[in-house]
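Number of protein chains: 2
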Amino acid sequence: MSEYAVLGKNVPRIDSKPKVTGDSKYADDRAAPGCLTGRILRSPHPHARILNIDTSQAEKIKGVKLVVTGNDFPNVHFGQWIFDETLFVRDKVRYTGDEVAAVAAIDDDVAREALELIRVEYEELPAVFDPEGALRPDAPVIHEDFEKTKAIFDVRDRQGNQACKTRFHHGDLDVGFKEADEVIENRFTTHPHHPAYLETHSALAEYDASGNMTVWLTTQSVFKVQEVIGKLLDMPLSRIRVIGSTVGGGFGGKKPRIDHYAAAMAYKTRKPVRITLSREEDMETTYQRHPSIVDIKTGAKKDGTLTAWDFRMLMDTGAYADHGPSILAMGCFHARGPYKTPNVNIEGRLAYTNKTISGAFRGYGNPQANWAVESQMDILSRTLGIDPLELRYKNGMGDGDPMVNGQRYPEVNLRETLESAAEAVDWGKAAGTPANGKKRGIGIACGSHPSGGMGSSAIVKVMPDGTAQVVSGVIEIGPGEYTIAAQVAAETLGVPYEKVRMVTADTDGTPYENITAASRITFNVGHAVRLASEDARNELLARAAEMLEADVEDLDTGDERAFIASAPDRGLSYADVSKAANIHLKGPIIGKGAYSPSPPTPALENIEGSAVHGFPTHAFVTHIAEVEVDEDTGEIEILRMICSHDIGQIMHPGGLGGQVDGGVTQGIGYALLEEMVYDGGVLKNADLVDYLIPNSLDIPTIEHRFIEKPDPAGPYGAKGIGEAVLAPTASAIANAVYDAVGARIMDLPITPDKLLRALDRM
Amino acid sequence: MSEYAVLGKNVPRIDSKPKVTGDSKYADDRAAPGCLTGRILRSPHPHARILNIDTSQAEKIKGVKLVVTGNDFPNVHFGQWIFDETLFVRDKVRYTGDEVAAVAAIDDDVAREALELIRVEYEELPAVFDPEGALRPDAPVIHEDFEKTKAIFDVRDRQGNQACKTRFHHGDLDVGFKEADEVIENRFTTHPHHPAYLETHSALAEYDASGNMTVWLTTQSVFKVQEVIGKLLDMPLSRIRVIGSTVGGGFGGKKPRIDHYAAAMAYKTRKPVRITLSREEDMETTYQRHPSIVDIKTGAKKDGTLTAWDFRMLMDTGAYADHGPSILAMGCFHARGPYKTPNVNIEGRLAYTNKTISGAFRGYGNPQANWAVESQMDILSRTLGIDPLELRYKNGMGDGDPMVNGQRYPEVNLRETLESAAEAVDWGKAAGTPANGKKRGIGIACGSHPSGGMGSSAIVKVMPDGTAQVVSGVIEIGPGEYTIAAQVAAETLGVPYEKVRMVTADTDGTPYENITAASRITFNVGHAVRLASEDARNELLARAAEMLEADVEDLDTGDERAFIASAPDRGLSYADVSKAANIHLKGPIIGKGAYSPSPPTPALENIEGSAVHGFPTHAFVTHIAEVEVDEDTGEIEILRMICSHDIGQIMHPGGLGGQVDGGVTQGIGYALLEEMVYDGGVLKNADLVDYLIPNSLDIPTIEHRFIEKPDPAGPYGAKGIGEAVLAPTASAIANAVYDAVGARIMDLPITPDKLLRALDRM
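If you want it as structure tokens, here you go:
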């Protein structure tokens, strides 16, 4: 199937053997003699003023080496886009879990005992937990000093609890609605959703006598950790080394915070400090998918042609903005789905509430938007009496159609995914009525997700025995990032895959890499490794030409040799060239490569607030769900899940399949099961017993259909689909449920109790 | 004194704070949970055939995880130049200490118990311990399979126990002796000398489920360790990571062997294995300075002009050749000192004996040659009645004079060092007679040593905050290698020294570096770091030009900024440029540099055997010793030690002073105290109680005189003197002792008993 020697093949994955044998070293596995245990004192209140903190009793306990509060550190404001965070809160706490103080002690028991002895006087304040309430004029203001925080993001209309606002618009909405034969208007809401990675957050920090900090941790970006620690401790970045340990699941949520505390306490104590979160603390204080409220008003002609699309999204960012502004922007970017509509207005608002911080989670605003868009499209098809598949064919984007931010899609493979998915289920055949009395239904939903944003770089070294190392700042978070990078190097250099080793995720030893996120690694790291491998190959050729006293233009490579194309016997092995390079000539064979997409789209007239960066490519997907609903219990069984994906060049079929299965499973959890339940700002199901993630019995065989069509922009035609796979899953399931029982659930997740209520069975 | 911002200044040394605070991590400090202790079973006989090895009893002990012999590994022959070694001996043992088997056990007690239960049947063979005896036709042959071993060195005349032979010659010796008015002939001998570093050898190896080996150890070259392990275990070099821990003294002797055993056992057990040598085992089984026998026959005219120089050197390499062939070649390279002689014959032979392996030790053959040459020159001056200083002025080399290998010295600063040293002591004044009845004397000796051989490379990274990292494979062994490299980067980039961090000695993360040895680091790493820094600075300028929309030719740098030379306000900080580079543009600022001197001198007609590589520069030195000798006890007190050194550009005055003090101290130990005493092939003083190294009471204040004259070939004019400092020390002391009491000791060390015997007092 593949024209390549290594790409497209199911080579053994680099991360699989250590993972299945238990050999992988996670952050908490790392030995550190004399290591102290760090623990954080967190707010028990959702919103309260701090009147006094008394650490004197805690400091007296034997074995306590350090007790710190905000007063022990510079009052640095930081944040992903809006600088609304500090290392420890000083003035007031803003959610149940906010960091108030921390201790470092000889063991966990002593640390916990010390936490209990820190006396904090609070004055409780009125709190607000829902984003609409937060935006009312009488709502308690969560960030009074809002104006004082700096933002590196162009955030407009910051006021009260509104952290930021964004708007895209083109055409004329009034005209669009006037042209419409039907106008429908609906509200769709989503819930907080936790990544529920198996490994909780963990970090170990050491600070040495030379003034160098080393941090080992579970993270998706060692370079971002380096940047924040440098800022918080006012340290030169050259002296901060961050090493990524094996990541036991990331999904966007492995944006560390506890490393700040471990590093700060290592800096003060000059001893190693480790902090590992319990499952409860992890779920209570790390990042969740933004809850959202979306109102859509759609105008369409009788034949299904969309004429107007008015989309208003409100996202709940919790106590701090974190990634919120750009997640909101990306939610709005996906606000009209992959459909052409001449008149569009899209508005997003981000609200602070006194809850856990919302943040990045696979999909990054897309699943919330998709849920609203694809439900609305299904409702429209029923209203107009047009087949949902036909409605999508009719309005679906094509090559060159504009995105909401004014850019144009270079290539749109939407129709191909629709056709392929429809073919798989023989779309249009009757759903049938099973003998068990349950109801069957089928639902379809589409989506797309960009890939390729932000910068990557790589170094490729050819060793004196002709084997190679790919030196990259990237960290593997599960889908096979290391394997694909090694495949690209092997393919480009012409070296067997087994001879390529990945050297990764160490800010000292590996070149800059932005983050393992945003469906970007196959695309960006793929490009950077390709370029570095080409550079190394060129260097091999140049050195070989010198050694062979030949012109470099006359040389070719093959079988791990550089040789004279017209006389293949006259050549040198890569090993010979590399060995000589180390000994005499111009130094070792070190190829460099860097890739970055074009700079962000300049602010256009029709964009207000947060701009969405330009992306070099987009993957399109169609999911079809077949469900069986028990109207007595409200139970939903997924019978089939057809996932048809536009994928460019397939790099590793096994890894791709795993990526789809994992993403769709997470989408099924989002649709039916996973919900973080809050009561008065307190998370009530902060464990994996009460927070339900899908198990093997909840998941059907996920059927894959791939549109393999190399993307001209991608490395060897590849693109990323890490997030696209998840976008339309919940929508397809909801549409199938409606198809089965005629009840439309507008609020995720679709739980039995909601369904029974909708069916008037409760 | 210095025209530079950073070079030539006593900036705080990078290695000093961790060393004085105890924060440095030596190889044995490294934690490794579940680590096994490795121990090696060594031969109790100097020469014996192995009839049988029975490990069955040892394997039965609880806690023993592995027992291995040569049968468990491929029969790979390896060695520095001659491939005469194997991981474990199979056929026969060749010295008391040869590796026969090894165990890995849960702790050291169990490992030692297991060693005792390994039953080895030996058939003892006649042994030979002196190199002249070893070369006799009837001597027991130590390497019967000699012809089967491969050599990467052009070793001629290998026969019997003669490992190799080397010869340089030019002119006509017969003519030279005919022209001479005086001919003198003497034999000078030296003893085995141990580097006696404070930290013994230690290595920890881990082998992971992905097939990657990691070795932490005390070494002078991580890349050489990588190469040997790859060969021994037949592993791709890309999968072997070697990390250098803090080195507690090297001096050439930190060429590891135990890492081979640790790695081999980690490979078999899949568990971490550590081996740390006790002081006894370290002295018995690591490398010593070659004992030597030198015969010199010299012809000179009455006016002191040298006419003929016949030098024959026999070195004792012990059981294996190791560095012997090139140490012999370097000894012969120094065979006529820094003196012009038209007719020269130099011959060297390397003999195997049944003793500990001789190897690299600061000076690398030079101290042995210097001892003979400078003693001979002193005898000649007495014979001819010419002042020793005058004799050296008369015959001393000048710019462009030829070396023994046919190359020419680019610059000779010998006369300057002679003048400076003579001035310091007011040469020619009477020595005086002290009131204590002891005898005073003064002695002079000269020497030179090359620097700059072999390849170095470096990477210089500019971080997003404008600070910098120097990424280099070099490992600090004490004299300040890291500090000088950071100074060069700071000077070249124009960044404060404090903002530069060294990232070093890790084969995964740092580019190729040959070895910290051969007085080469300041020169070679200096060049590589300079080039990499220039490359990084050029990259900063290019990026800044793009951002400023200016021509790169119009830009300049200063104050950590790149700016338009004619409008300095229009500029960007390094931080701004570097941050932008990571985010959008062409990837991070990574400068590369590599330096290597010209390839080895092609074999010339007048060189037989081992060629000596071409060196880009040489440092010249003169030492003058003033001593006081007690003729009743034979005790020698050094009153003054004047060390006058040709140094090029001084990079770090404090480090330079330490380098001289340390080298001269080692030279004093070589002259008077340190001797490894063997009896029947067994080392009798394998500890630091009976093996005497100089303490503070043995050492006078060492007076430094530096000829600071930037070397056109060096980085910013610098050159290396790590070995030059040691070369003439023993010779100067011996000449002073003769001057004091008229007794000439021809055999090092000059101990009280030898002196009393020479004075007929014993």
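Residue numbers (my numbering), protein chains in the order written: chain A, 7 to 768; chain B, 7 to 768. Just so you know, even glycine gets a beta-carbon here, dropped at the ideal spot from N, CA and C. All values reported here derive from a predicted model rather than from experimental measurement.
Using the Cβ count rule (16 or more neighbours within 10 Å means buried), how would you classify residue i?
| i | result |
| --- | --- |
| A:Lys598 | buried |
| B:Gln475 | buried |
| B:Asn16 | exposed |
| B:Thr772 | Here chain B has residues from 7 to 768 only, and residue 772 of chain B is not among them. |
| A:Pro262 | buried |
| A:Ser62 | exposed |
| B:Val300 | buried |
| B:Met682 | buried |
| A:Lys68 | exposed |
| A:Asn58 | exposed |
| A:Ala441 | exposed |
| B:Leu1 | It is not possible to answer for residue 1 of chain B, since the shown part of chain B is limited to 7 through 768. |
| B:Arg446 | buried |
| B:Met289 | buried |
Quick one: what does DSSP say residue i is sitting in, helix, strand or coil?
| i | result |
| --- | --- |
| A:Leu761 | helix |
| A:Gln226 | coil |
| A:Met768 | coil |
| B:His266 | helix |
| A:Ile705 | coil |
| A:Arg100 | coil |
| B:Gln672 | helix |
| B:Ala64 | helix |
| A:Asp160 | Interpretation of A:Asp160 is limited by its pLDDT of 49, a score under 50 that renders its predicted location unreliable; the figure taken from the coordinates is listed afterwards. Coil, per DSSP. |
| B:Gly479 | coil |
| B:Tyr697 | coil |
| B:Arg19 | coil |
| B:Gln413 | coil |
| B:Ser462 | strand |
| B:Leu655 | The question names Leu, yet the displayed sequence has Gln at residue 655 of chain B. Note: B:Gln655 maps to coil in three-state DSSP. |
| B:Pro574 | strand |
| A:Glu714 | coil |
| B:Glu380 | helix |
When the distance is taken between beta carbons, is residue j closer than 7 Å to residue i?
| i | j | result |
| --- | --- | --- |
| A:Pro485 | A:Gln665 | yes |
| B:Gly369 | B:Leu732 | yes |
| B:Gln493 | B:Val134 | no |
| A:Phe367 | A:Arg280 | no |
| A:Leu395 | A:Ile450 | yes |
Beta strand (DSSP E) containing residue i: first to last residue?
| i | result |
| --- | --- |
| B:Leu356 | Asn349 to Tyr358 |
| A:Trp315 | Leu312 to Gly324 |
Between which two residues does the alpha helix (DSSP H) carrying residue i extend?
| i | result |
| --- | --- |
| A:His168 | As written in the sequence, residue 168 of chain A is Gln, which differs from the His given in the question. From DSSP, A:Gln168 is part of no alpha helix (DSSP H) but of the beta strand (DSSP E) over Gln168 to His176. |
| B:Pro544 | According to the sequence shown, residue 544 of chain B is Asn rather than Pro. Run containing B:Asn544: Gly532 to Leu554, per the alpha helix (DSSP H) assignment. |
| A:Arg421 | Leu420 to Val431 |
Touch check for the stretch 213 to 226 of chain B and the stretch 266 to 284 of chain B: three-plus C-beta pairs under 8 Å?
-> yes
Please determine if the stretch 234 to 242 of chain B and the stretch 323 to 337 of chain B are in contact, where contact requires at least 3 C-beta pairs separated by less than 8 Å.
-> The answer is no - the stretch 323 to 337 of chain B does not touch the stretch 234 to 242 of chain B, with fewer than three Cβ pairs under 8 Å.
Can you find at least 3 beta carbon pairs, one from the stretch 742 to 757 of chain A and one from the stretch 543 to 558 of chain A, that sit closer than 8 Å?
-> Segments in contact, no.
Touching or not, the stretch 354 to 362 of chain B and the stretch 87 to 103 of chain B, by the rule of three or more beta carbon pairs under 8 Å?
-> yes
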